[in-house]
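Protein chains in written order, with my numbering: chain A, 405 to 781; chain B, 5 to 559.
Cβ atoms here follow ideal geometry from the backbone N, Cα and C, with glycine treated the same way.
For reference, the structure discussed in these notes is given below.
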């Protein structure tokens, strides 16, 4: 803001500024600055796409993620050629099949694309039935084969389930865990941080020692110990809730420390003193003066914490401690990659890594963009 | 009047203006600088020209935002990448247009032939290196001499800038020096290569008044000894009057007027210059009505902080006494000034009267009621009657609240006004009383300039209809002409509403214009008090004498 100093014929100055800024609200200012960050915008678009994909997973997934086909079938490439090699405009995939010939040296059957039976692809095709949001019965899919035959763009896993469809469904659980953990962490961390930073003194000292202990905990063994407490027979939703609680219990400390630092600085700033001087209560000062000014930092911290939780989930899932079948999550899908021989022979089952990568990048980019934009004054 | 004062404090040896006909050492012509911003560009400097001759001091005067610092940075080649200097601009130094120089050639010039001193001596020195090594580096960047030679030269420079015990200072770190000493070190570094031109950008603004005088005298002595040319960038008119030979007045990036210093003060031509010269705080406080009753009485106020010395195993808590058994009596309709340098405890003392900090011992009576020892809840009934205005208008308004919310808050908290409409009426009245339009309720603080924000802060205090306002340096963050308006406003509000002010300031000129009585503080104690006229015209203690001399003769 270029402040107009000097000639202070108030009315004219006020008029000019009214034209220049036309009462921009805080959100508008932040948005204007955020739009300037290219990576931030890319991150935001990716996140919107991810969230849409997770919410409408049944629609976007070409297959039913539970349905089994041929196990470990390799990814099918989208082709624009018919069996004679001519270019066509209807995209198609060819299933892998034995060509009927034998390798002249080893006499093993030779495997190749089954050119006789192309599976034509199309958008908004009829496929496996599902219930959107649990009650609207539908069978349309975003894309798939026009005649309902299986299409495996990313291959299948050891049970013959479509990896792409599972990864799209897995986004649901992975993002849901991340968002619920971060919500709990934010609420608890912000409240503790505000109280600790605003009231200070002995309460602050004790709270901060407790935070120190939580931060000093060897987190990984604790996760493993706590999750193994849950009986294997527990229903999936209980299991999931427990995972969220455990992750939140260890995650709030960092957030509370950041909020406390900011609150400490704000509690001594002059507009807070001015509020004390007019007689405002602690409650009013915290909610009217400190919380709104801390909020921007919290939003940034949140968008940077989500990727950590996604990574943690994929790691714990890989170890088999986060989500149990029949639920699907990215981490759980990666559990199959634990043996060398599997990765060596069927590398496509690593493809959930790409989803994790994109999600983590998107949230980090959003967080970076927000960090530069939240303090427009 | 201007002439009389000018003669009294005119420097003994003036630059001979007959010399202004020869070749200038630095000749800037048609300099225009634009900055790229979000929507288009801002013209920070618009087609200005100035000349600087050997052995002369020119002053570039203007308020904040007038483009004077940008001008200095253009000469130094220190503009940011967003800045564009116009194509037809020329800055001729020793016959060469330095704007056409390569970056390398400009670097060779910078700190060597043309040096600069900055406003903030705290952040201009690297805290990780000793004073000695920083001066030695400045010397060795431009001249190939051995380290020992450079050290000897650094020592000589520290002597010239009159730092006590220069040998010991060489091995010290910046934090071990006071603000004034750091600025001396900066000057030593600027002079390390015998520059032809020294640019001083607000060199004393961050310093205490008594130190300001010493630094400016030092610059002048060094200039005369070395025959340097000096560009003094400042907003302080007394500094200009005493230390410069030729004055350029800038406003909104344009050169309004230039002339020799005596001519400008005697006969300002441009309306802006006239306004600037007239904006020194004028007038005196109106005499108090007879038999004014005391409103605020404080006795034995002591505020201390516990500081931990020693380590964990040998804890050693020491008491740092910020304010030591002070007392004052403030009558109704009276303005009492508290002056002192930074660190003298005047703000701590003032805030303890409002119970914004916890005095260790005190007896404070407000309108006959004991204020000390009350809890925050018990203070509540008194809050509306005693208010405060802070120094920094940028920190005292919550950026996330609208002007309406900010001012209304006090009314809500104190249960004034039955309905929202009634409260908003009062808010508008308060804004209008403070000289702001009443239609800005839904705007945010960042849309206003410093002076306007300070008016809003005053409106917040006035909205509660208080009897007493603590004014904690309300004008020191503001430009001179704005300062005068705020003082006028405070005076008007006092007349209309019968307010009592406790006015904390380090600026004796403002105190003289506004206060009835004054208390002079040093190191948490009162060294002198009495009616303003008596204290200022006949200061008894040496400290007060220094303050008065600094305020009315140079700073």
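Residue from the options whose Cα sits closest to the Cα of residue i
{"i": "residue 736/A", "options": "745/A, 743/A, 726/A and 744/A", "result": "726/A"}
{"i": "residue 381/B", "options": "475/A, 651/A and 684/A", "result": "684/A"}
{"i": "residue 586/A", "options": "660/A, 697/A, 549/A and 463/A", "result": "660/A"}
{"i": "residue 1/B", "options": "551/B, 439/B, 342/B and 154/B", "result": "This structure gives no information on residue 1/B, because the portion of chain B shown stretches from 5 to 559."}
{"i": "residue 390/B", "options": "269/B, 491/B and 475/B", "result": "475/B"}
{"i": "residue 79/B", "options": "173/B, 235/B and 263/B", "result": "235/B"}
{"i": "residue 703/A", "options": "768/A, 693/A and 738/A", "result": "768/A"}
{"i": "residue 301/B", "options": "199/B, 490/B, 340/B and 277/B", "result": "340/B"}
{"i": "residue 720/A", "options": "748/A, 733/A, 453/A and 663/A", "result": "733/A"}
{"i": "residue 489/B", "options": "284/B, 45/B, 448/B and 397/B", "result": "284/B"}
{"i": "residue 145/B", "options": "193/B, 373/B and 330/B", "result": "193/B"}
{"i": "residue 525/B", "options": "250/B, 117/B, 325/B and 348/B", "result": "348/B"}
{"i": "residue 557/B", "options": "154/B, 111/B and 218/B", "result": "218/B"}
{"i": "residue 699/A", "options": "462/A, 519/A, 713/A and 663/A", "result": "663/A"}
{"i": "residue 446/A", "options": "766/A, 750/A, 456/A and 520/A", "result": "766/A"}
{"i": "residue 697/A", "options": "399/B, 332/B, 396/B and 403/B", "result": "403/B"}
{"i": "residue 281/B", "options": "199/B, 454/B and 270/B", "result": "270/B"}
{"i": "residue 596/A", "options": "712/A, 436/A and 656/A", "result": "656/A"}
{"i": "residue 204/B", "options": "112/B, 458/B, 224/B and 213/B", "result": "224/B"}
{"i": "residue 372/B", "options": "238/B, 206/B, 333/B and 211/B", "result": "333/B"}
{"i": "residue 117/B", "options": "197/B, 413/B and 309/B", "result": "197/B"}
{"i": "residue 718/A", "options": "658/A, 668/A, 607/A and 577/A", "result": "577/A"}
{"i": "residue 463/B", "options": "256/B, 440/B and 550/B", "result": "440/B"}
Chain B residues whose Cβ lies nearer than 8 Å to that of residue i
{"i": "residue 665/A", "result": "By Cβ distance, chain B contributes nothing, its closest Cβ being about 18 Å from residue 665/A, past 8 Å."}
{"i": "residue 842/A", "result": "Because chain A in this structure spans residues 405 to 781, residue 842/A falls outside the shown range and cannot be described."}
{"i": "residue 680/A", "result": "360 and 380"}
{"i": "residue 697/A", "result": "402, 403 and 404"}
Chain B contact residues for residue i, given Cβ-Cβ distances below 7 Å
{"i": "residue 693/A", "result": "402"}
{"i": "residue 675/A", "result": "399, 400, 401 and 402"}
{"i": "residue 430/A", "result": "404"}
{"i": "residue 684/A", "result": "413 and 417"}
Residue range of the unbroken alpha helix (DSSP H) whose run includes residue i
{"i": "residue 119/B", "result": "Premise fails: residue 119/B lies in the beta strand (DSSP E), 118–121, not in any alpha helix (DSSP H)."}
{"i": "residue 602/A", "result": "567–603"}
{"i": "residue 651/A", "result": "640–671"}
{"i": "residue 631/A", "result": "623–632"}
{"i": "residue 736/A", "result": "734–738"}
{"i": "residue 4/B", "result": "This structure cannot settle anything about residue 4/B, because the visible part of chain B is limited to 5 through 559."}
{"i": "residue 707/A", "result": "695–723"}
Extent of the continuous beta strand (DSSP E) run through residue i
{"i": "residue 180/B", "result": "No beta strand (DSSP E) contains residue 180/B, which DSSP labels as neither H nor E."}
{"i": "residue 261/B", "result": "258–264"}
{"i": "residue 485/A", "result": "483–485"}
{"i": "residue 205/B", "result": "201–205"}
{"i": "residue 506/B", "result": "504–509"}
Per DSSP, the bridge partner or partners of residue i
{"i": "residue 516/A", "result": "501/A"}
{"i": "residue 519/B", "result": "Its beta-bridge partners do not exist; DSSP assigns none."}
{"i": "residue 52/B", "result": "35/B"}
{"i": "residue 76/B", "result": "Answer is none; residue 76/B lacks a bridge partner."}
{"i": "residue 374/B", "result": "369/B"}
{"i": "residue 548/A", "result": "526/A"}
{"i": "residue 534/B", "result": "522/B"}
{"i": "residue 778/A", "result": "None, per the DSSP bridge assignment."}
{"i": "residue 63/B", "result": "236/B and 251/B"}
{"i": "residue 303/B", "result": "367/B"}
{"i": "residue 540/A", "result": "536/A"}
Neighbour list for residue i in chain A, Cβ cutoff strictly below 8 Å
{"i": "residue 388/B", "result": "682 and 683"}
{"i": "residue 394/B", "result": "674, 677 and 678"}
{"i": "residue 464/B", "result": "678 and 682"}
{"i": "residue 384/B", "result": "683"}
{"i": "residue 468/B", "result": "682"}
Where residue i meets chain B, residues with beta-carbon distance less than 9 Å
{"i": "residue 688/A", "result": "413, 416 and 417"}
Chain-ordered neighbours of residue i on chain A, where CB pairs are closer than 7 Å
{"i": "residue 391/B", "result": "681"}
Problem - Runs of beta strand (DSSP E) lying entirely within the region 88–169 of chain B, each at least 3 residues, in chain order - result: 94–97 and 118–121
Handout entry: Continuous beta strand (DSSP E) assignments of at least 3 residues falling wholly in the region 305–346 of chain B
Key = 320–335 and 339–343
Practice task
Enumerate, from N- to C-terminal direction, the unbroken beta strand (DSSP E) stretches of 3 or more residues contained entirely within the region 392–476 of chain B.
Solution key: 472–476
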